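Everything below concerns the one structure shown next.
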Ligand code: GLC
Ligand code: CA
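Okay, here's the thing in C-alpha cells:
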C-alpha cells in the first residue's frame with residue numbers, strides 16, 4: 001500500500017487575505033472575512049488554501065517584506081483570528097499552506113534595525129555586508145527596470161548590504177547558524193498553529209551563499225534540514241518550492257525525496273503559454289519529454305497564472321517575443337524584460353472556449369493544480385496599477401458596491417476593484433451572477449474540479465503522451481492502480497477529427513468524463529474522435545464497460 005500523499009490529490013487555491021473579503025468595512029480584507037468565505041471554497045471543491053504573506057509588514061512588496069515572522073498584520077486581524085480561521089478550515093477538510101519568506105526580511109525588521117546600528121549586535125551577522133561596493137552589484141537583479149542594484153549602501157552601518165530583491169529587502173545570511181535556527185523556529189511556530197506546510201519563497205536565492213569573503217555556492221543539502229525538521233514536527237506537512245530553475249537542477253531540489261515535496265513547474269507553465277500562442281501541441285510535448293523523473297513522494301505543482309508576472313524568461317528570445325505579440329503586445333502589459341503582468345482572460349481576449357481549454361490542461365497535466373482567487377470567475381486585470389499589482393485587485397463577489405468585497409467608500413479600498421470594461425464586477429464577472437448561470441465559467445470550474453477529483457490518476461499516475469498525428473492536438477494518459485484516464489486537447493481554433501493510438505492499453509471503451517460540449521457517444525472500441533476548435537475531452541479507459549458519471553460542457 002502506498003502512503004496517502006494528500007498533496008497529490010489536492011486542489012490548491014491561492015489567495016491574499018487583504019484582497020479576498022473585508023469584514024469590518026475598513027477597505028482591507030481580513031481573516032474573519034476569509035473565514036466567512038470558507039464555505040464558498042469548500043463548495044467549489046478546494047481542498048487546500050495557500051495564503052500569501054499575512055505577517056506584519058510595511059507592505060512595499062505585497063507583504064513579502066516582513067517585520068515579524070511570528071504575528072499577523074494588524075490590518076488583517078489578530079493571531080486569534082488566524083487560529084479561528086485554521087480551525088474553521090480544518091472543519092471543512094481544507095488544509096492551509098502559508099508563505100515562508102526567509103530569503104530576506106524588510107529593512108524595517110528589528111533584526112535589520114539592530115544590525116545596521118550596532119556592529120556588536122548579534123543581528124549584524126544575520127545579514128550580508130561589504131565595505132566596498134562589489135563589482136557585480138549591478139547584476140542579478142530580480143526586478144530589472146525597477147531595481148537598480150543588488151548591493152545598497154546603508155548610511156547607518158556605513159556598509160553595503162546585499163539584497164537579491166528590492167533594496168528594502170536585505171537578504172538573510174543563512175550561513176549563520178543563528179539564522180537557520182530562527183527559520184526552524186518560525187516553521188515550528190506555524191506548524192503548531194495547524195498549517196500543513198509552506199510555500200517556500202525564492203528557494204534558489206535562499207540557498208545561494210553570497211558572502212563578502214568569496215564564499216559562494218549552492219546549499220542544496222540545507223533543503224534536507226527543512227524536511228527533517230518538518231516531518232518530525234508534523235509528519236504530513238509539505239514544502240512547495242518557488243524554484244524557477246532549469247530541469248537539470250530539479251533533482252537537487254527534490255533530493256531523494258527528502259528535500260522539497262513539491263515544486264511549481266515554471267517550465268511547463270511557460271510552454272503551455274507558448275503552445276496556446278502557437279496553437280500547437282509541440283511545446284507541451286517537448287517540455288514533458290524533457291521533464292526529469294522525480295522521486296515517488298514528490299510532485300509538480302501546475303498553474304497558469306499566479307500573483308506575479310507571467311515569467312517567460314526561460315523561453316528563447318524568439319518564442320518569448322511571439323508570446324508577447326499574442327498575449328501582451330503593449331509595453332504596459334510587459335514587465336522586467338521577461339514577463340506579462342496580465343490575468344489570463346484578457347490575454348485570451350475573453351474567449352471562453354480557449355480559457356476553458358487552458359484550465360482543462362491545468363486540471364489534467366501530471367501534478368497538483370493551483371488555482372488563483374478570481375480565476376474561477378475569469379477576473380481581469382488593472383494595468384493602471386503599479387508593477388504586479390495589476391493582477392491583485394479585490395475578489396469580485398457580487399454586482400453590488402465594491403463587488404461585495406467591502407463596505408468601505410470606493411476610494412478607501414486597499415486596491416481598486418475592477419469596475420469598468422468587460423471584466424467589471426457589474427458585467428457578470430462576479431460569483432453571485434455566475435452561480436445563477438449554468439453556462440458560466442464558475443459553474444464550469446466547479447464541474448472541472450469535481451471531475452479532476454474523480455480522477456486521482458492525473459495527480460498520482462505515471463503519464464504517457466499519446467500520438468494523435470495532429471500538430472494541434474495534445475493527448476496524454478495517466479495510469480494509477482491499474483486504472484487509466486486520458487485527456488485530449490485541441491490547441492487550435494479549428495475543428496478536427498483524430499485517431500487516438502491506444503494500442504498500449506487494453507481498453508474496450510472510452511467513457512466520457514468531461515468535454516467542451518456534448519459530443520456523440522463513442523462507438524464501442526472506436527478511437528476516432530471529433531474535437532471542436534479549442535475543444536477538449538477527458539475519458540476513462542474501461543476494459544469492462546460501465547456507466548461512468550459524465551459531466552459535459
Ligand atoms: C517571490 C514572490 C514575489 C516577491 C519576491 C520577493 O518571487 O512570488 O511576489 O516579490 O518573492 O519576496
Ligand atoms: Ca478589514
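Residue numbers (the numbering used here): 1 to 553. Glycine included, C-beta positions come from ideal geometry on N, C-alpha and C. Predicted model only: the values in this text are computed from it and were never measured.
With a threshold of 8 Å (Cβ to nearest heavy atom), would residue 23 be considered close to ligand 2? Locating residue 23 in the chain shown gives position 23, where the first residue counts as 1. Yes, the Cβ of residue 23 comes within 8 Å of a heavy atom of ligand 2.
Contact check, residue 510 vs residue 499, beta carbons under 9 Å: Residue mapping note: residue 510 aligns to position 510 of the chain shown, counting from 1. Residue mapping note: residue 499 aligns to position 499 of the chain shown, counting from 1. Their beta carbons are not under 9 Å apart, which means residue 510 does not touch residue 499 by this criterion.
Do you know how far the Cα of residue 133 is from the Cα of residue 158? One-based indexing of the chain shown puts residue 158 at position 158. One-based indexing of the chain shown puts residue 133 at position 133. Their backbone Cα atoms lie some 11 Å apart in a straight line.
Leaving out five residues on either side along the sequence, give the residues of the same chain with a beta carbon under 6 Å from the beta carbon of residue 75. As a position in the chain shown, residue 75 is number 75, starting the count at 1. Cβ neighbours of residue 75 beyond the five flanking positions: 28.
On the CB-based measure, 16 or more other CB atoms within 10 Å of its CB, does residue 375 come out buried or exposed? On the chain shown, residue 375 is found 375 positions in, with the first residue counted as 1. By the 10 Å Cβ count, residue 375 comes out buried.
Could you tell me whether the Cβ atoms of residue 12 and residue 46 are closer together than 9 Å? Position 12 of the chain shown, counted from the start, is the residue given in the question as residue 12. Position 46 of the chain shown, counted from the start, is the residue given in the question as residue 46. Yes.
Taking all protein chains shown into account, decide if residue 70 is buried (16 or more other Cβ within 10 angstroms of its Cβ) or exposed. On the chain shown, residue 70 is found 70 positions in, with the first residue counted as 1. With fewer than 16 other Cβ atoms within 10 Å, it is exposed.
Might you give, ordered along the chain, the residues of its own chain that have their beta carbon closer than 6 Å to the beta carbon of residue 371, omitting 5 neighbours on each side? Here residue 371 refers to the residue found at position 371 of the chain shown. Only 13 meet the Cβ criterion.
Helix, strand or coil at residue 463 [DSSP, three-state]: Numbered from 1 along the chain shown, position 463 holds the residue referred to as residue 463. In the structure shown, residue 463 sits in a strand (DSSP, three-state: E or B).
Kindly indicate the opening and closing residues of the alpha helix (DSSP H) around residue 287. One-based indexing of the chain shown puts residue 287 at position 287. Here the alpha helix (DSSP H) through residue 287 covers 282 to 290.
Collapsed DSSP secondary structure at residue 484 in the structure displayed: Taking the first residue of the chain shown as position 1, residue 484 is located at position 484. Strand, per DSSP.
For residue 301, which residues does DSSP report across the bridge? As a working note, residue 301 is residue 301 in the chain shown. Note: residue 301 sits in a beta bridge opposite 264 and 368.
Measure the C-alpha to C-alpha separation of residue 386 and residue 59 and round it to an integer number of angstroms. On the chain shown, position 386 is the one that residue 386 refers to. On the chain shown, position 59 is the one that residue 59 refers to. Those two C-alpha atoms are separated by around 14 Å.
Any idea what DSSP makes of residue 228, helix, strand or coil? Numbered from 1 along the chain shown, position 228 holds the residue referred to as residue 228. DSSP places residue 228 in helix when its eight states are reduced to three.
Any heavy atom of ligand 2 within a distance shorter than 8 Å of the CB on residue 390? Position 390 of the chain shown holds residue 390. Relative to ligand 2, residue 390 has its C-beta separated by 8 Å or more from all heavy atoms.
Leaving out five residues on either side along the sequence, give the residues of the same chain with a beta carbon under 8 Å from the beta carbon of residue 214. Within the chain shown, numbered from 1, the residue matching residue 214 stands at position 214. Low confidence applies to residue 214: its pLDDT is 47, below 50, so where it sits in the model is not reliable enough to give any reading.
Residue 552 versus residue 439: straight-line alpha-carbon distance, rounded: Start at 1 with the first residue of the chain shown, and residue 552 comes out as number 552. Start at 1 with the first residue of the chain shown, and residue 439 comes out as number 439. With a pLDDT of 46 at residue 552, under the threshold of 50, the modelled position of this residue cannot be trusted; read the value that follows with caution. Answer to the nearest angstrom: the Cα atoms are 11 Å apart.
Sheet register partners of residue 335 (DSSP bridge): Indexing the chain shown from 1 puts residue 335 at position 335. Residue 335 is bridged to 339.
Cβ neighbour criterion (16 or more within 10 Å) applied to residue 524: Counted from its first residue, the chain shown places residue 524 at position 524. By the neighbour-count rule (16 or more Cβ atoms within 10 Å), residue 524 is not buried but exposed.
Rounded to a whole number of angstroms, what is the C-alpha to C-alpha distance between residue 99 and residue 210? Against the chain shown, residue 99 aligns to sequence position 99. Against the chain shown, residue 210 aligns to sequence position 210. Cα-Cα distance, rounded: 23 Å.
Proximity winner among 235, 160, 257 and 312, relative to residue 265 (alpha-carbon distances): As a working mapping, residue 265 is identified with position 265 in the chain shown. The option with the nearest alpha carbon to residue 265 is 312.
Check whether the Cβ of residue 335 sits closer than 8 Å to any heavy atom of ligand 2, and report yes or no. Numbered from its first residue, the chain shown carries residue 335 at position 335. For ligand 2, not one heavy atom lies less than 8 Å from the Cβ of residue 335.
In three-state DSSP terms, what is residue 502? Locating residue 502 in the chain shown gives position 502, counting from the first residue. Residue 502 falls in the coil class under three-state DSSP.
Determine which residues share a DSSP beta bridge with residue 35 and list them. As a working mapping, residue 35 is identified with position 35 in the chain shown. BP columns for residue 35 are empty, so no partner.
From the DSSP secondary-structure annotation, give me the bridge partner or partners of residue 311. What you label residue 311 is simply residue 311 of the chain shown in a count that begins at 1. DSSP output for residue 311 lists 339 as bridge partner(s).
Report yes if the C-beta distance between residue 137 and residue 155 is below 9 Å; otherwise report no. Residue 137 sits at position 137 when you count from the first residue of the chain shown. Residue 155 sits at position 155 when you count from the first residue of the chain shown. For residue 137 and residue 155, no; Cβs fall outside 9 Å.
Close Cβ partners of residue 208 (< 7 Å) along its chain, the five nearest in sequence each way excluded: Here residue 208 refers to the residue found at position 208 of the chain shown. 218, listed in sequence order.
Have a look at 462, 457 and 397 and flag the residue whose alpha-carbon is nearest the alpha-carbon of residue 435. Your numbering for residue 435 matches position 435 in the chain shown. Out of 462, 457 and 397, 397 has the C-alpha closest to the C-alpha of residue 435.
CB of residue 260 within 9 Å of CB of residue 205, strictly: The sequence position of residue 260 within the chain shown is 260, counting from 1. The sequence position of residue 205 within the chain shown is 205, counting from 1. The answer is no: Cβ separation not under 9 Å.
Taking the alpha carbon of residue 123 as the reference point, which residue from 537, 180 and 230 has its own alpha carbon closest? As a position in the chain shown, residue 123 is number 123, starting the count at 1. When only C-alpha atoms are compared, the closest one is 180.
What three-state label does DSSP hand residue 491 in the structure shown? Within the chain shown, numbered from 1, the residue matching residue 491 stands at position 491. If DSSP states are grouped into helix, strand and coil, residue 491 belongs with coil.
Leaving out five residues on either side along the sequence, give the residues of the same chain with a beta carbon under 6 Å from the beta carbon of residue 37. Within the chain shown, the letter at position 37 stands for residue 37. Taken in chain order, the residues that qualify are 21.
Kindly indicate which three-state DSSP category residue 406 falls into: helix, strand or coil? What you label residue 406 is simply residue 406 of the chain shown in a count that begins at 1. It is coil, neither helix nor strand.
With DSSP as the reference, label residue 214 as helix, strand or coil. On the chain shown, position 214 is the one that residue 214 refers to. Low confidence applies to residue 214: its pLDDT is 47, below 50, so where it sits in the model is not reliable, and the reading given next is rough at best. Correct three-state label for residue 214: coil.
Please tell me whether, using a cut-off of 8 Å, the distance from the CB of residue 208 to the nearest non-hydrogen atom of ligand 1 is below it. Here the question's residue 208 lines up with position 208 in the chain shown. Not under cutoff, so the answer is no.
Spatial neighbours of residue 562 within its chain, please: C-beta separation below 7 Å, excluding the five flanking residues on both sides. Residue 562 is absent from the model: the chain starts at 1 and stops at 553.
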